[in-house]
Amino acid sequence: MARNAPKPDAALLTRKPGLPLSWEALLVIILVASLAAGRVLSPVFLSSANISNVLADLTEVALMALPMTLIIVAAEIDLSVASVLGASSALLGVLWHMGLPMPVAMALVLVAGGLAGLFNGLVIVKLNLPSLAVTIGTLALFRGLAYVLLGDQAIADFPPAYTLFGMSDLGGTFIPLPFLIVAACAIVFTIVLQATAFGRSLYAVGANSTAASFSGIDVPKIKLRLFVMSGVMSALAGIVYTLRFTSARGDNGEGFELSVIAAVLFGGVSIFGGRGSMYGVLLSLLIVGVLKNALTLVDVSSETLTVVTGALLLASVLIPNLAARWRTMRDRRALARAA
C-alpha cells in the first residue's frame, strides 16, 4: 500500500455480515405483506372472530417456541417438545379419570414435563451426547408413553369451567383467554433473554461453549436448566391444548416440533447458536400463524401447509447465510478499492 494512500474505513473492518435491514425489520415488512395478502384472499380474514382463531392456533406452538429460542441460542435443540405435549395431554386425562382434582392433576403434569426435560438434559450433559440425537430418541420415547397411557382412546369429560377457559375470549374481545398465558410467558422470556445475565450467558455459550466455561459460566448447569424449562413449557402447552379441544389423546400435537423450530429459525435465531432475539421469534410466530390461517381459509390442504412450513424453515437457514456471504463479498471489494 502506498504511504499516502487513504486508510480503509474502520466501519468496513468492524461491520458484521448481514442484511442491509435488521432481520426484525424485514419480518415486520413480511408480516404486513402477509396481512394484506390474507385480506385479499378472504374477506373474513381481518374479522375479529378470525383474528381470535389465529391467536388461539398460535398458543401451543408459541409456548414451546419460547424456551426453544433459548435452547437454540445456546447451540442446542429439543425435538421432543411435541411428544412431551402429547404425553402431558394423555397424563392429564388419566389423572383426571383417576379422580384427582384438576388443579392437582395439572400441577403433576407440569412436574412430569419438568422431569422429561430433566431426563433430556441429564443424558445430553452427563454423557456429552448431541442434543439432536438424544431428542430424536426421546421424541419417539415420550410419544410412545402417551400411547401407553391412553392407546387410541380419548378422554373428553373435563370440567366445563376449565374447557370454557380454553375456548373463551377475553371480555368479548378477539383475544383468546389461553393467549393471555402466551403473552405473560413471552414477556418473561423476552426479559430473561434480552435483559439478564442469564440471557447474556446463553449467547456466550452458543458462540463458544469452551470459552464460556473458561470465563466462569457453568455451561452444563445452564443447559440442564434450559431442557427442564422446555419440558415444563411443553407440558403447559399440552394442558392448554387439551382444554382448548376438550380432548386428551396420545396423538395431540403430533408434528408440532416442525412448526416450533421453523418459527424460531425464521425469527432470526442462528441454528449454530449465539445469535438471534426473542423479538424476531415473536414476529415470526405471528407470520406463521397468519400464513397458515389465510391458506386454510381458501381450503389449502394440510399437506400444502406442511410444505409451506418446510419452505419457511429452509428460507430461515438459506437467506441469512446468502446475505452474509453477499455482504462479506461487498465489504472485501470495498476494502480492495480503498487499498
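Residue numbers (the numbering used here): 3 to 341. The beta-carbon is built from N, C-alpha and C at its ideal position, and this holds for glycine as well.
Under a three-way DSSP split, which group does residue 132 fall into?
coil
Query raised in the report: Using the beta-carbon count (16 or more within 10 Å), is residue 339 buried or exposed?
Result: Under the 10 Å beta carbon count, residue 339 is surrounded by fewer than 16 other beta carbons and is classified as exposed.
Helix, strand or coil at residue 156 [DSSP, three-state] = coil
Beta carbon of residue 244 nearer than 9 Å to that of residue 160
yes
ask   = Out of 55, 67 and 40, which has the shortest C-alpha to C-alpha gap to residue 258?
value = It is 67 whose Cα lies nearest to the Cα of residue 258.
Taking the alpha-carbon positions, what's the residue 284 to residue 154 distance? 35 Å
Pick out whichever of 254, 239 and 168 has its Cα sitting closest to the Cα of residue 55.
168
| message | Three or more C-beta pairs under 8 Å: does that hold for the segment 126-141 against the segment 237-257? | response | No contact exists between the segment 126-141 and the segment 237-257.
When 28, 69 and 34 are compared against residue 191, the one with the closest alpha-carbon:
69
query: Whose C-beta lies closer than 6 Å to the C-beta of residue 265 among residues of the same chain, with five residues either side of it excluded?
result: 67, 286, 287 and 290
| message | Counting C-beta neighbours from all protein chains within 10 Å, is the total for residue 216 16 or more, i.e. buried, or is it exposed? | response | exposed
task: Alpha carbon to alpha carbon, how far is residue 206 from residue 76? Give it in angstroms, no decimals.
output: 8 Å
Q.
Applying the 10 Å Cβ sphere with the 16-neighbour rule, what's the burial state of residue 9?
A. With a pLDDT of only 42 at residue 9, under the threshold of 50, the placement of this residue in the model should not be trusted, and no figure is reported.
Cα-Cα separation between residue 50 and residue 31, rounded to whole angstroms
22 Å
### Task
Ignoring anything shorter than 4 residues or poking outside the segment 194-233, list the alpha helix (DSSP H) runs there in chain order.
199-209 and 211-216
Subject >> Separation of residue 238 from residue 231, as counted between CA atoms >> reply: 11 Å
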